[in-house]
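K.L.:
In the numbering used here, the protein residues as written are 5 to 510.
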């Protein structure tokens, strides 16, 4: 959270603080040369002395082009309004009168808008490599790195990555700069002590401490969310600053807070070093991040889906779609496969797979362990590059299946019908989309709870394709005979995008 500096706001803070401190003046006593530490307390002073010189403030100045922007105008107020003089005075102070004119009555040209924000960062290489958040620098025209001793150095951007909100800067100095190094965030446990240093509200060199409150937090900021949660105080301006372990290693980069007030309420989030270190290394080497790409669309596996797939326990990432031009297809991966291990790393849930794939080198031949219809198989995939995959256009639609005879069948709280021209037009179903059309959903059914909607299509039941209502009922009967409690449906929307849904058959 880069902090937008406001002189007025800072002035208010200063006034409030000075007023609040006055009554405490009589109680203050001179500090001792060596402040005593109370029994049971652990001083962090030595640790702060060790790492503080490498923690920096970052000032980012952005000059926006005002071309095309409308100059602020005075409201259309009557001549006798009591607010007219106030608005007139406001615009005159800005050198602008009514209708965007100056005091001489001349129309003023749009002026560039200058804004300044402040954040934090840290040096990871004595040659002058600085790490911060991408949102701290944004599209700044001028970046200044300020050290605790007052040294100010202009910085250039080596590379930045919006997906994980990281940026790497370079500063030049005639002497080696103090630096810190990344630690192993994976070795940290909930309850371990941590320390944050940064520039909250432009108060550089501020230190706070706390513990790791949780790990692997998904806060819906991007596809690689795996944040460390901490109760160490993190505020606006702490963004990009380091979160240290007690060895003085950076195990996180402070990035966000959850707060109803805008200030710290003890819920802060840091990008773990296990993710950041690899991104920083690539930004330094290439000026960009080069992520691995598998070419699949995945979804999570809940208990009902796990039972329907014969997994035993909910685990892995369920493949719900495969890119026709992606690496997964030639490797033999299929819709309905559950990825349980990738390149030797366990895939505990669907959030694990994108992070593991992204961190794997492009072009590497990777063993992928999958579960297909209850059996574990291993496929080898040659990874592509994510940035290339993002440019691939959707594959062309497949040929239309022959329509079945019109009929409506009920099961699982659903009514479904074969595709007819009238139904395809009614639900705007894309040409080439396969499956049986759902025409009614019982609002009290488990299917409704799973957000199955009218106008969607059932493409598979129990991982077998269905082309008619009769196919659906036959597959459901077969699943019941096999003792399944849930039916695994492959459901498509009108545009042909599919997902798996496990619906209770009780």
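From the three backbone atoms N, C-alpha and C, an ideal C-beta is built for every residue, glycine too. Quantities reported herein were computed from a predicted structural model and do not represent experimental measurements.
#1: Using the C-alpha atoms, what's the distance from residue 204 back to residue 464?
#2: Buried or exposed: where does residue 368 fall if 16 or more other Cβ atoms within 10 Å of its Cβ makes it buried?
#3: Is residue 471 near the ligand MG, with its Cβ less than 7 Å from a heavy atom?
#4: Note down, in chain order, each residue of its chain lying with its Cβ closer than 7 Å to the Cβ of residue 346, except the 5 sequence neighbours on either side.
#5: Compute the distance between the beta-carbons of residue 496 and residue 461, then report whether it is under 8 Å.
#6: Please name the residue, chosen from 484, 447, 442, that lies closest to residue 540 on a Cα-to-Cα basis.
#7: Would you kindly work out how many angstroms separate the C-alpha atoms of residue 511 and residue 510, rounded to a whole number?
#8: Could you check the C-alpha separation between residue 294 and residue 366 for me, to the nearest Å?
#9: Roughly how many angstroms separate the alpha carbons of residue 308 and residue 194, rounded to a whole number?
#10: Determine, using beta-carbon pairs with one atom in the stretch 198-218 and one in the stretch 232-240, whether at least three such pairs fall under 8 Å.
#11: With three or more beta-carbon pairs closer than 8 Å as the criterion, would you say the stretch 468-481 touches the stretch 306-325?
#12: Pull up the CB-CB distance for residue 175 and residue 134, whole angstroms please, since I reckon it's below 8 Å.
#13: For the candidate residues 150, 419, 263, 323, whose alpha-carbon lies nearest to that of residue 208?
#14: Please classify residue 276 as buried or exposed, where buried requires at least 16 other C-beta atoms within 10 Å of its C-beta.
#15: For residue 27, is the classification buried or exposed, using 16 other Cβ atoms within 10 angstroms of its Cβ as the cut-off for buried?
#16: My assumption, with CB atoms under 8 Å, is that residue 342 sits in contact with residue 283. Please give the rounded CB distance.
#17: What residue from 242, 281, 348, 289 has the CA that sits closest to residue 266's CA?
#18: Helix, strand or coil, according to DSSP, for residue 138 in the structure here?
#19: Which residue marks the beginning of the alpha helix (DSSP H) containing residue 369, and which one marks its end?
#20: Got a sec? Which residues, its chain only, sit under 6 Å from residue 500 by beta carbon, not counting five neighbours each side?
#21: With a CB to CB cut of under 7 Å and the five nearest residues on each side skipped, what residues in its chain are close to residue 197?
#22: Give the DSSP bridge partners of residue 285, in chain order.
#23: Express the C-alpha separation of residue 416 and residue 217 in angstroms, rounding to a whole number.
#24: Can you tell me which of 202, 206, 261 puts its alpha carbon nearest to the alpha carbon of residue 224?
#25: Taking only three categories from DSSP, how would you classify residue 121?
#26: Rounded to a whole number of angstroms, what is the C-alpha to C-alpha distance between residue 159 and residue 192?
#27: If the criterion is Cβ atoms closer than 8 Å, does the pair residue 498 and residue 452 meet it?
#28: Which value, in whole angstroms, describes the spacing of the CA atoms of residue 144 and residue 418?
#29: Please work out which residues of its chain come closer than 8 Å, Cβ to Cβ, to residue 454, disregarding the five sequence neighbours upstream and downstream, and give them in chain order.
#30: Under 6 Å Cβ to Cβ from residue 165, same chain only, skipping five residues before and after it: list those, please.
#31: Can you list, in chain order, the stretches of the alpha helix (DSSP H) that have 4 or more residues and sit fully within the stretch 414-493?
#32: Do residue 420 and residue 246 have their C-beta atoms closer together than 8 Å?
#33: Nearest-angstrom Cα distance between residue 153 and residue 59?
#34: May I ask you to report which of helix, strand or coil DSSP gives residue 50?
#35: How should residue 502 be labelled, buried or exposed, when 16 other C-beta atoms within 10 angstroms of its C-beta is the threshold for buried?
#36: What first and last residue would you give for the alpha helix (DSSP H) that runs through residue 230?
P.N.:
This is what the structure gives:
#1: 54 Å
#2: exposed
#3: The ligand MG is not among the ligands present in this structure, which contains no ligands whatsoever.
#4: 357, 360, 361, 370, 372
#5: yes
#6: The question about residue 540 has no answer here: the residues shown for the chain are numbered 5 through 510.
#7: One cannot answer for residue 511 here, as it falls past the ends of the chain, which runs 5 to 510.
#8: So the alpha carbons of these two residues sit roughly 7 Å apart.
#9: 30 Å
#10: yes
#11: Look at the beta carbons and you see the stretch 468-481 not touching the stretch 306-325: under three pairs across the two are nearer than 8 Å.
#12: Sure, about 6 Å apart at Cβ, within 8 Å.
#13: 150
#14: Label assigned to residue 276: buried.
#15: Any answer about residue 27 is weak, because its pLDDT of 30 lies below 50 and its placement is not dependable; what the coordinates show is given next. It counts as exposed.
#16: Their Cβ separation, rounded to whole angstroms, is 28 Å, which puts residue 342 and residue 283 out of contact at 8 Å.
#17: 242
#18: helix
#19: It is not in any alpha helix (DSSP H) - residue 369 instead sits in the beta strand (DSSP E) that spans 369-376.
#20: 434, 437
#21: 213, 215, 250
#22: Residue 285 is not bridged to any residue.
#23: About 42 Å.
#24: 261
#25: strand
#26: 32 Å
#27: no
#28: 55 Å
#29: 505, 506, 507
#30: 283, 293
#31: 425-430, 450-453, 473-485
#32: no
#33: 11 Å
#34: It is helical.
#35: buried
#36: Where residue 230 is concerned, there is no enclosing alpha helix (DSSP H), given that its DSSP letter is neither H nor E.
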